[in-house]
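Asker: Below you'll find the structure I mean.
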Amino acid sequence: MFKWSIIFENLPFLLAGAWTTLSLTVVSMIFATVAGLLVGLLNMFGGRVIGAITRVYIEAVRGTPALLLILIVYYALPRIGLNLPQFPAAAVSLAVCYAAYIAEVFRSAVESIPKGQSEAAFSLGMSQAQTLRHVILPQTFRRVLPPLANEFAALIKDTSLVAFISMEDLLFKAKIIGARTYNVFSPYIGAAIIYLIMTTPVMQWSRNLEKKVE
Amino acid sequence: MTGDTMVSQGKLLVVDELHKSFGSLEVIKGVSFDMDFKERLVLMGPSGSGKSTLVRCINWIEPPSAGRITFDGKLVESGKYDIRRLREDIGMVFQQFNVFPHLTALQNVALGPIAVKKVARKTAETEAMELLAKVGLSHRADHKPAQMSGGEQQRVAIARALAMHPKLMLFDEPTSSIDVELIHEVLDVMVKLADEGMTMIVVTHEIGFAKEVADRVIFMDQGLIIESGSPSEVFEHPQQERTQSFLSKVLLA
Ligand SMILES: Nc1ncnc2c1ncn2[C@@H]1O[C@H](COP(=O)(O)OP(=O)(O)O)[C@@H](O)[C@H]1O
Ligand SMILES: [Mg+2]
Chain A
1 MFKWSIIFEN LPFLLAGAWT TLSLTVVSMI FATVAGLLVG LLNMFGGRVI
51 GAITRVYIEA VRGTPALLLI LIVYYALPRI GLNLPQFPAA AVSLAVCYAA
101 YIAEVFRSAV ESIPKGQSEA AFSLGMSQAQ TLRHVILPQT FRRVLPPLAN
151 EFAALIKDTS LVAFISMEDL LFKAKIIGAR TYNVFSPYIG AAIIYLIMTT
201 PVMQWSRNLE KKVE
Chain B
215 MTGDTMVSQG KLLVVDELHK SFGSLEVIKG VSFDMDFKER LVLMGPSGSG
265 KSTLVRCINW IEPPSAGRIT FDGKLVESGK YDIRRLREDI GMVFQQFNVF
315 PHLTALQNVA LGPIAVKKVA RKTAETEAME LLAKVGLSHR ADHKPAQMSG
365 GEQQRVAIAR ALAMHPKLML FDEPTSSIDV ELIHEVLDVM VKLADEGMTM
415 IVVTHEIGFA KEVADRVIFM DQGLIIESGS PSEVFEHPQQ ERTQSFLSKV
465 LLA
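Protein chains in written order, with the numbering used here: chain A, 1 to 214; chain B, 215 to 467.
Okay, here's the thing in structure tokens:
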């Protein structure tokens, strides 16, 4: 039966998990954003070969479960000598995964800038790189924030996949409490509430930004 | 062939048998003309006749499919003449302004010299202020395009092009997207430029402007030059039927 008391008694334990969830999200998101910007730019402006390679990466990642990537990095890479501790392994997998989504976010933002903008920059004698830096990217940053915030909220939820490599994130802690108290209902509801407390403001912020950009 | 080199020496621009296709659609079908320094050329013709494409080929925004362009005595070819150098020397003003919305008027004008010519920010901004004064927009220096009228945005775009000290200015229907009552603001600036001796190619249907400013009017139809001459020749005694019918439509409008 659902009991608030179980949630409250185990709150510090749950919050420790939430801290892991949040720090993993933030670290993964930072790497994913930098890598996603890079991959997106290479995909658009890197020429044929690099364009094709990055496209394969983006589609491969988008077409496979994130969990698979986590399992490969944590369990399979050590077989070829690449041993990563839990947190870095989880962060790398999630960053590799989300970089693909974020590359697409940047690509569609860049493509939404009217062609006349780069033509005007080119007509001044600017190179492709100068055009990107001074004209295109400054205009994409505002358009990119709402979808990035959405990815951030999605990532908060997707970090729960690391429970599969026994990382003690929010979900895993809830599971432990469930096993200990023979009450699965209460800790899972508690975890859900904490997840919502983390994701709702981010999604609301994203929605507000979206209105502003329009 | 040796003749060509001779001719091109006194000319700012020589366009020789230019062709441009988009896929299987040939839009420019062999256009040749040349321009002296300080010459003012007005380009007219019905919509879809290839005026924009021709103008955009001159600064390689659209790379030509065939033909030769000689600018300031140098043959323009990818590789031989640095396309970016060419674009520094040719200013372009677009129908849709294409001002940079994230920058103020001043920053719009100063960006080219700062980014391309590596001019110091202070110097670039001082000159940008002078150019804004020249187009009558000193009071708008710190405004962003969204706060400005079409006529003001287009004048910022003109100042932005002038900041690179171009040898040739291309105008592609600079007043077609501007409210009628603001068109004169832009035309006045262009007349002033012409008076100062700027070499320019202007795509426009403003007959009054053409009569006042143009040394030569070129008529295009279906990717070809069908008629060219002084404004009085072309407007008062058009030789081609297509020119006549086009003119009668423009004059009625
Ligand atoms: N990027 C493009 N791709 C395909 N067709 C184009 C492109 N730009 C122009 N065209 C075509 O070329 C023709 C000439 O267009 P344009 O040069 O814009 O004419 P104008 O400026 O005289 O109205 C039109 O049929 C137009 O549809
Ligand atoms: Mg046009």
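Every residue, glycine too, gets a C-beta built ideally from N, C-alpha and C.
Along the chain, where does the alpha helix (DSSP H) containing residue 275 of chain B start, and where does it finish?
Answerer: Note, residue 275 of chain B: premise wrong, no alpha helix (DSSP H); not H, not E.
Asker: Along the chain, where does the beta strand (DSSP E) containing residue 254 of chain B start, and where does it finish?
Answerer: 254-258
Asker: Measuring only from the beta carbon, is residue 386 of chain B closer than 7 angstroms to any heavy atom that is part of ligand 2?
Answerer: yes
Asker: Given residue 352 of chain B, which residues of its chain have a CB within under 8 angstroms of its CB, disregarding the five upstream and five downstream residues?
Answerer: 343 and 346
Asker: Measure how close the beta-carbons of residue 163 of chain A and residue 172 of chain A come, nearest whole angstrom, since I'm counting them as under 8 angstroms.
Answerer: 4 angstroms
Asker: Report yes or no: is there a C-beta of chain C within less than 8 angstroms of the C-beta of residue 27 of chain A?
Answerer: Absent from the structure: chain C. Protein chains present are A and B.
Asker: Return the CA-CA distance between residue 144 of chain A and residue 323 of chain B, expressed in angstroms with no decimal places.
Answerer: 26 angstroms
Asker: Which one or two residues does DSSP pair with residue 289 of chain B in a beta bridge?
Answerer: B/284
Asker: Give me the Cα-Cα distance between residue 40 of chain A and residue 105 of chain A, rounded to the nearest whole angstrom.
Answerer: 8 angstroms
Asker: Which residue's Cα is closest to the Cα of residue 100 of chain A: A/76, A/63 and A/74?
Answerer: A/63
Asker: Which chain B residues sit within Cβ distance under 9 angstroms of residue 119 of chain A?
Answerer: 270, 275, 306, 308 and 312
Asker: Report the rounded CA-to-CA distance for residue 215 of chain B versus residue 283 of chain B, giving the unit in angstroms.
Answerer: Low confidence applies here, because residue 215 of chain B scores a pLDDT of 41, under 50, leaving its location unreliable; read the following figure in that light. The alpha-carbon atoms of residue 215 of chain B and residue 283 of chain B are separated by roughly 14 angstroms.
Asker: Using a Cβ-Cβ cutoff of 7 angstroms, what residues of the stretch 109-139 of chain A are near chain B? List them in chain order.
Answerer: The residues in question are 116, 117, 119, 120, 122, 123, 124, 125, 126, 127, 130, 134, 135, 138 and 139.
Asker: Which class does residue 246 of chain B belong to by DSSP, given the choice of helix, strand or coil?
Answerer: strand
Asker: Do residue 387 of chain B and residue 417 of chain B have their C-beta atoms closer together than 8 angstroms?
Answerer: Yes, the Cβ-Cβ distance between residue 387 of chain B and residue 417 of chain B is below 8 angstroms.
Asker: In angstroms, rounded to a whole number, what distance separates the CA positions of residue 432 of chain B and residue 325 of chain B?
Answerer: 33 angstroms
Asker: Which residue marks the beginning of the beta strand (DSSP E) containing residue 159 of chain A, and which one marks its end?
Answerer: Residue 159 of chain A -> no beta strand (DSSP E), and no H or E assigned at all.
Asker: If you draw a straight line from the C-alpha of residue 356 of chain B to the C-alpha of residue 270 of chain B, how long is it?
Answerer: Residue 356 of chain B and residue 270 of chain B have their C-alpha atoms some 30 angstroms from each other.
Asker: What would DSSP say about residue 306 of chain B, mapped onto helix, strand or coil?
Answerer: Correct three-state label for residue 306 of chain B: strand.
Asker: Taking 8 angstroms as the threshold (beta carbon to beta carbon), is residue 329 of chain B in contact with chain A?
Answerer: At least one chain A Cβ lies under 8 angstroms of residue 329 of chain B.
Asker: State yes or no: is the beta carbon of residue 226 of chain B nearer than 8 angstroms to at least one beta carbon in chain A?
Answerer: no
Asker: Taking only three categories from DSSP, how would you classify residue 236 of chain B?
Answerer: strand
Asker: Use the C-beta contact count for residue 118 of chain A: other C-beta atoms within 10 angstroms, 16 or more gives buried, fewer gives exposed.
Answerer: buried
Asker: Comparing the CB of residue 115 of chain A with every heavy atom of ligand 2, is any distance shorter than 7 angstroms?
Answerer: no
Asker: Listed from N- to C-terminal order along the chain, which residues in the stretch 378-399 of chain B have their beta-carbon within a distance smaller than 7 angstroms of any beta-carbon of chain A?
Answerer: 378
Asker: Just to confirm, is the Cβ distance from residue 194 of chain A to residue 14 of chain A under 8 angstroms?
Answerer: yes
Asker: Using only the heavy atoms of ligand 1, determine whether one of them is closer than 7 angstroms to the beta carbon of residue 259 of chain B.
Answerer: yes
Asker: Using only the alpha-carbon positions, how far apart do residue 217 of chain B and residue 421 of chain B sit?
Answerer: Below a pLDDT of 50, predicted positions are generally treated as unreliable, and residue 217 of chain B, at 43, falls in that range; the measurement from the model is reported next regardless. Looking at the two C-alpha atoms, the distance is approximately 35 angstroms.
Asker: If you measure from the beta carbon of residue 315 of chain B to each beta carbon in chain A, is any gap under 8 angstroms?
Answerer: yes
Asker: Is the CB-CB distance between residue 159 of chain A and residue 25 of chain A below 8 angstroms?
Answerer: yes
Asker: Taking only beta-carbon positions, decide if residue 221 of chain B is within less than 8 angstroms of chain A.
Answerer: Reliability fails at residue 221 of chain B, whose pLDDT of 48 lies under 50, so the model's placement of it is uncertain and the value that follows must be treated cautiously. Not one chain A Cβ lies under 8 angstroms of residue 221 of chain B.
Asker: Restricting to Cα atoms, I'd like to know which of A/98, A/112, A/102 and A/181 is closest to residue 3 of chain A.
Answerer: Selected option, being the one with the closest Cα: A/181.
Asker: Shorter than 7 angstroms, the distance from the beta carbon of residue 46 of chain A to the closest heavy atom of ligand 1, or not?
Answerer: no
Asker: Kindly indicate the opening and closing residues of the alpha helix (DSSP H) around residue 407 of chain B.
Answerer: 397-409
Asker: Does the CB of residue 369 of chain B have a neighbour CB from chain A at under 8 angstroms?
Answerer: no
Asker: Give me the subset of the stretch 318-345 of chain B whose CB atoms are less than 7 angstroms from a CB atom of chain A, sorted by chain position.
Answerer: 325, 326, 329 and 330
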